[in-house]
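A.B. asks: All the letters of the sequence shown, read from the start, carry residue numbers 16 to 449 under the working numbering. All C-beta atoms, glycine included, are put in the ideal place defined by N, C-alpha and C.
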Amino acid sequence: MIPAGDGDETPASPSRWPGGTLHALREENIRRVLEVISTEGGLSQAEVARRTGLSRATVSNLVAELRRRGLVRGDVAGLGGRGSLEIAIATSGAVVGVDFGHSHVRVGVADLGGQVLADEEHRLPLDFGAREGCAEAKAMMIRLLERAGVPAADVRQVGVGLPYPIDKISGRLGGQPNPHPWTELDPSAVLEGVFGLPVVIDNDCNLGALGELRQGAGRGFTDVIYFHVDERAGAGVVLDGRLHRGVAGTAGEIGHMTVDPHGQTCTCGNRGCLDLAVGATNFLDPLRGGYGLQLDIADVVRLAEHGDMRCHRALTEAGCAMGMVIADLCNLLSPQRVIVAGPIFGAREMILRPLRETVMHRAVPAAARAVEIVRSQLDGSAEMVGAIWLALDAIRQRATRSAPAPAAPHVGVRHIEASMSLRAGRTRTTAALS
Ligand SMILES: [Zn+2]
16 MIPAGDGDET
26 PASPSRWPGG
36 TLHALREENI
46 RRVLEVISTE
56 GGLSQAEVAR
66 RTGLSRATVS
76 NLVAELRRRG
86 LVRGDVAGLG
96 GRGSLEIAIA
106 TSGAVVGVDF
116 GHSHVRVGVA
126 DLGGQVLADE
136 EHRLPLDFGA
146 REGCAEAKAM
156 MIRLLERAGV
166 PAADVRQVGV
176 GLPYPIDKIS
186 GRLGGQPNPH
196 PWTELDPSAV
206 LEGVFGLPVV
216 IDNDCNLGAL
226 GELRQGAGRG
236 FTDVIYFHVD
246 ERAGAGVVLD
256 GRLHRGVAGT
266 AGEIGHMTVD
276 PHGQTCTCGN
286 RGCLDLAVGA
296 TNFLDPLRGG
306 YGLQLDIADV
316 VRLAEHGDMR
326 CHRALTEAGC
336 AMGMVIADLC
346 NLLSPQRVIV
356 AGPIFGAREM
366 ILRPLRETVM
376 HRAVPAAARA
386 VEIVRSQLDG
396 SAEMVGAIWL
406 ALDAIRQRAT
416 RSAPAPAAPH
426 VGVRHIEASM
436 SLRAGRTRTT
446 AALS
């Protein structure tokens, strides 16, 4: 298994590399150039230089190297400084992103630029078994590859999101108060066996945050919380451009934050957890007595829109409960954006208004004023898109690691960029620095 990517956006400044080697800085700059090309696409060499803060000569050199590794396309000969040609991520090859939720699996096939070629979602029984979920995901992948016209041999990596915290060291799923379908399993080994491909895994809400950061409402932001509510509540936290997983991998486990100290007992043993107030089954159960067992979130939203006060009040209370937790997150982290996602946000202002009012009322005023609370732009597919980007990052990490480190002595940080630029300038007509 390949370790999960960071989804980070570290600037290419040499100041972040005290004591770093030329090779390390060069690989970081390659990663930075790749990230700019893949998130903005179709840029000229001059534009890539402007966005990365690197010199044009250095960018030209790095692009040549990336082209040699098969990661980007573009006519390197024409990129010698005028920058009139476009550089783009190579598209020969594909990745698969899989999002396992508590009661669904969504699978997508994408090219190496992150463009989704085909995707679909299937509902499954609540807390379905690992074997059942894997079989479904594999069958969906085969169908989607066929639909997208992608040969199975072109798939280079699979990214998978799972709805549990992932222990950084063991790779096992942990942090849950109760056993779950993956409890006794090594998820990476199981998934690699099922797909017959390299697999990289992460928590589903971390991937939701990564998806929004790369292709959704988080683009251009560095401090973002992805706040997802479906059967349970969870969050993905991005700080200073990096996913924050925490030492136990449990960062963002907001479902067990207390919103009512005197409330009902939760499965975790505490009282009044957020999951009890807004998790789909817990939210719906009190209403189903009056509206029937088939009532779902969309029905509640529809009824509230047509003036049903009981449903309207239930949505208002859910918005207030979420607002309490988001206010605490604002006090702790002061994010630029909180991106809310999940079926309940189909209620739009009916739930966002009480949520925002609670944040304004409870959070430190400056943090409350600074944060924007917006709906997801990826509408149900953020986790799958994040899984695709996790897979793409894994391919790129592997590619950048595959180049042997040159036998260069340690170089003073201040001289590294100048040294690279000089070498790049002298070797403009050759293939690559290394
Ligand atoms: Zn709990």
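If you compare alpha carbons, which of Leu-177, Ala-39, Leu-299, Val-316 is closest to Gln-309?
C.D. replies: The shortest Cα separation from Gln-309 among Leu-177, Ala-39, Leu-299, Val-316 belongs to Leu-299.
A.B. asks: Consult DSSP for Ala-92 and reduce its assignment to one of helix, strand or coil.
C.D. replies: Bear in mind that the predicted position of Ala-92 carries a pLDDT of just 46, short of 50, making it too unreliable to give a figure here.
A.B. asks: Is the Cβ-Cβ distance between Gly-267 and Gly-251 less than 8 Å?
C.D. replies: Yes, Cβ-Cβ distance for Gly-267 and Gly-251 is below 8 Å.
A.B. asks: Below 7 Å, is the gap between the Cβ of Asp-519 and the nearest heavy atom of ligand 1?
C.D. replies: Residue 519 is absent from the structure shown; the chain starts at 16 and stops at 449.
A.B. asks: Under a three-way DSSP split, which group does Ala-39 fall into?
C.D. replies: Three-state DSSP puts Ala-39 in a helix.
A.B. asks: By how many angstroms is the C-alpha of Ile-240 removed from the C-alpha of Pro-301?
C.D. replies: Taking the straight line from one Cα to the other gives about 29 Å.
A.B. asks: Three-state secondary structure (DSSP) at Leu-258?
C.D. replies: Of the three classes helix, strand and coil, the one that applies to Leu-258 here is strand, per DSSP.
A.B. asks: How big is the Cα-Cα spacing for His-376 and Ala-383?
C.D. replies: Whole-angstrom Cα-Cα distance: 8 Å.
A.B. asks: With the cut-off set at 8 Å, would you say His-277 and Asp-290 are in Cβ contact?
C.D. replies: Against a cut-off of 8 Å, the Cβ pair of Asp-290 and His-277 comes out as no contact.
A.B. asks: Reducing DSSP to helix, strand and coil, say where Asp-343 ends up.
C.D. replies: Helix at Asp-343.
A.B. asks: Ends of the alpha helix (DSSP H) at Gly-223?
C.D. replies: Residues 219 to 230.
A.B. asks: With hydrogens ignored, establish whether the beta-carbon of Asp-142 is closer than 7 Å to any heavy atom of ligand 1.
C.D. replies: No, the beta carbon of Asp-142 sits no closer than 7 Å to any heavy atom of ligand 1.
A.B. asks: Using a threshold of 8 Å, state whether the C-beta atoms of Cys-149 and Leu-188 are closer than that.
C.D. replies: In this structure, Leu-188 does not lie closer than 8 Å to Cys-149 by Cβ.
A.B. asks: Can you have a look at Leu-141 and say buried or exposed, based on whether 16 or more other CB atoms are within 10 angstroms of its CB?
C.D. replies: Flag for Leu-141 reads exposed.
A.B. asks: Could you check what DSSP says for Ala-109 in three-state terms: helix, strand or coil?
C.D. replies: Looking at Ala-109 - three-state DSSP - the assignment turns out to be strand.
A.B. asks: Sorted by chain position, which residues of the same chain lie with C-beta nearer than 7 Å to Ile-181's C-beta, five sequence neighbours on each side aside?
C.D. replies: Cβ neighbours of Ile-181 beyond the five flanking positions: Leu-188, Ile-216, Asp-217, Asn-218, Gly-264.
A.B. asks: Within 10 Å of its beta-carbon, does Leu-347 have 16 or more other beta-carbons around it, so buried, or fewer, so exposed?
C.D. replies: Flag for Leu-347 reads exposed.
A.B. asks: Rounded to whole angstroms, what's the CA-CA distance from Val-386 to Arg-66? Just pull it up for me.
C.D. replies: Rounded to the nearest angstrom, the two C-alpha atoms are 25 Å apart.
A.B. asks: Between the Cα of Val-165 and the Cα atoms of Val-111, Glu-151, Phe-143, which residue gives the shortest distance?
C.D. replies: Out of Val-111, Glu-151, Phe-143, Val-111 has the C-alpha closest to the C-alpha of Val-165.
A.B. asks: How far does the beta strand (DSSP E) with Asp-134 in it reach, from first residue to last?
C.D. replies: Unbroken beta strand (DSSP E) run through Asp-134: 131 to 138.
A.B. asks: Report all residues from its chain with a CB closer than 6 Å to the CB of Val-244; omit the five preceding and five following residues, and keep chain order.
C.D. replies: Answer for Val-244: Val-293, Gly-357, Ile-359, listed in chain order.
A.B. asks: For Asp-314, name the three-state secondary structure that DSSP assigns.
C.D. replies: Asp-314: helix per DSSP, three-state reduction.
A.B. asks: Residue range of the beta strand (DSSP E) that His-243 falls in?
C.D. replies: From DSSP, the beta strand (DSSP E) with His-243 extends over 239 to 244.
A.B. asks: Hey, would you say the C-beta of His-117 is under 7 Å away from at least one heavy atom of ligand 1?
C.D. replies: Flag unset: Cβ of His-117 not near ligand 1.
A.B. asks: Kindly provide the ranges of any beta strand (DSSP E) runs that are 3 or more residues long and lie completely inside the region 341 to 401, ordered along the chain.
C.D. replies: Listed in chain order, they are 352 to 356, 387 to 390.
A.B. asks: With a cut-off of 8 Å, do at least 3 Cβ pairs link the region 394 to 411 to the region 360 to 376?
C.D. replies: Output reads no: the region 360 to 376 does not touch the region 394 to 411.
A.B. asks: For Glu-313, collect the residues of the same chain with a Cβ closer than 8 Å to its Cβ; drop the 5 residues on either side in sequence, then sort them by chain order.
C.D. replies: The identity of residue 313 in the sequence shown is Ala, whereas the question assumes Glu. Within the same chain, Ala-313 has close Cβ partners Pro-358, Gly-361.
A.B. asks: Work out the CA separation of Leu-49 and Arg-303 for me, nearest whole Å.
C.D. replies: Between Arg-303 and Leu-49, the C-alpha separation is close to 50 Å.
A.B. asks: Which of the three DSSP states is assigned to Asp-234 in this structure?
C.D. replies: The sequence as given places Arg at residue 234; Asp does not occur at that position. Three-state result, Arg-234: coil.
A.B. asks: Mind listing, in chain order, the continuous alpha helix (DSSP H) runs of no fewer than 4 residues lying wholly within the region 269 to 338?
C.D. replies: Taking only runs of at least 4 residues, the alpha helix (DSSP H) segments lying wholly in the region 269 to 338 are 289 to 293, 295 to 306, 312 to 320.
A.B. asks: Of all the options Gly-68, Glu-101, Leu-69, which has the alpha carbon lying nearest to the alpha carbon of Arg-82?
C.D. replies: It is Glu-101 whose Cα lies nearest to the Cα of Arg-82.
A.B. asks: Excluding the five sequence neighbours on either side, which residues of its own chain have a C-beta within less than 6 Å of the C-beta of Gly-334, listed in chain order?
C.D. replies: Ile-366, Pro-369, Leu-370, listed in sequence order.
A.B. asks: I'd like to know whether the C-beta of His-119 is nearer than 8 Å to at least one C-beta of chain D.
C.D. replies: Reference to chain D is not applicable here, since this structure consists of a single protein chain.
A.B. asks: On the DSSP letters alone, give me the boundaries of the alpha helix (DSSP H) that Gly-123 sits inside.
C.D. replies: No alpha helix (DSSP H) holds Gly-123; the beta strand (DSSP E) holding it covers 119 to 126.
A.B. asks: Tell me the DSSP secondary structure of Asp-114 in three-state form.
C.D. replies: Strand, per DSSP.
A.B. asks: To the nearest angstrom, how far is the alpha carbon of Gly-322 from that of Ser-107?
C.D. replies: The alpha-carbon atoms of Gly-322 and Ser-107 are separated by roughly 53 Å.
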